[in-house]
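A.B. asks: Let me begin by handing over the structure; questions about it come next.
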């Protein structure tokens with residue numbers, strides 16, 4: 003798991019090092035995240051792939067989650083259109099004493115072709131190692 007304020011060494015195009023937080027990295031576009039996570043140089047701190055394991059997808063056994071990844075929650079009652087939520091939304095529920103609701107969401111089986119909360123938000127749904 004990672005803490006939003008964890009710092010990693012970031013190297014600008016001119017080669018100068020600066021320190022960035024995992025939450026900064028998580029807010030970048032996916033292509034940029036991939037490029038930064040592929041960097042192996044380390045300076046004062048380690049590279050993003052070693053520090054921001056959830057954002058970079060480098061957690062042991064692939065067990066991590068990215069806050070902005072989405073899972074199927076339910077169908078809209080009126081239109082039937084799918085409603086998707088991000089892992090960050092589920093994490094907020096988990097920290098707001100709605101743990102029984104989080105458990106129900108994590109145990110829900112979505113329609114065929116849709117991603118469940120437990121497959122997308124493995125850390126929040128306590129699915130690591132299972």
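Residue numbers (my numbering): 3 to 132. For each residue, glycine too, the CB sits at the ideal point set by N, CA and C.
Could you check how far apart the C-beta atoms of residue 46 and residue 21 are, in whole angstroms? I think they sit under 8 Å.
C.D. replies: Yes, they are in contact, since the Cβ atoms of residue 46 and residue 21 sit about 7 Å apart, within 8 Å.
A.B. asks: I need the boundaries of the alpha helix (DSSP H) containing residue 109, first residue and last residue.
C.D. replies: 101-109 is the span of the alpha helix (DSSP H), which, as asked, contains residue 109.
A.B. asks: Are the CB atoms of residue 23 and residue 39 within a distance shorter than 8 Å?
C.D. replies: No, the pair does not count as a contact, with Cβ atoms beyond the cut-off.
A.B. asks: In whole angstroms, what is the alpha-carbon distance linking residue 36 and residue 79?
C.D. replies: Rounded to the nearest angstrom, the two C-alpha atoms are 37 Å apart.
A.B. asks: What residues in its chain sit with their C-beta under 8 Å from that of residue 83, if we drop five residues either side in the sequence?
C.D. replies: Closer than 8 Å at the Cβ level, and outside the excluded window around residue 83, lie 77.
A.B. asks: Expressed to the nearest angstrom, what Euclidean distance is found between the alpha-carbon atoms of residue 108 and residue 18?
C.D. replies: Taking the straight line joining both Cα atoms gives about 43 Å.
A.B. asks: Would a C-beta distance cut-off of 8 Å place residue 9 and residue 53 closer than the cut-off?
C.D. replies: Yes, they are a contact pair.
A.B. asks: What first and last residue would you give for the beta strand (DSSP E) that runs through residue 85?
C.D. replies: Looking at the DSSP string, the run of the beta strand (DSSP E) that includes residue 85 is 84-88.
A.B. asks: Between which two residues does the alpha helix (DSSP H) containing residue 120 stretch?
C.D. replies: 119-122 is the span of the alpha helix (DSSP H), which, as asked, contains residue 120.
A.B. asks: Is the beta carbon of residue 43 less than 8 Å from the beta carbon of residue 13?
C.D. replies: Yes.
A.B. asks: Select from 114, 59, 119 the residue whose C-alpha is nearest the C-alpha of residue 106.
C.D. replies: Of the candidates 114, 59, 119, the one whose C-alpha sits nearest the C-alpha of residue 106 is 119.
A.B. asks: Short check: CB of residue 55 to CB of residue 66, under 8 Å?
C.D. replies: Yes; because the gap between Cβ atoms is below 8 Å, this pair is in contact.
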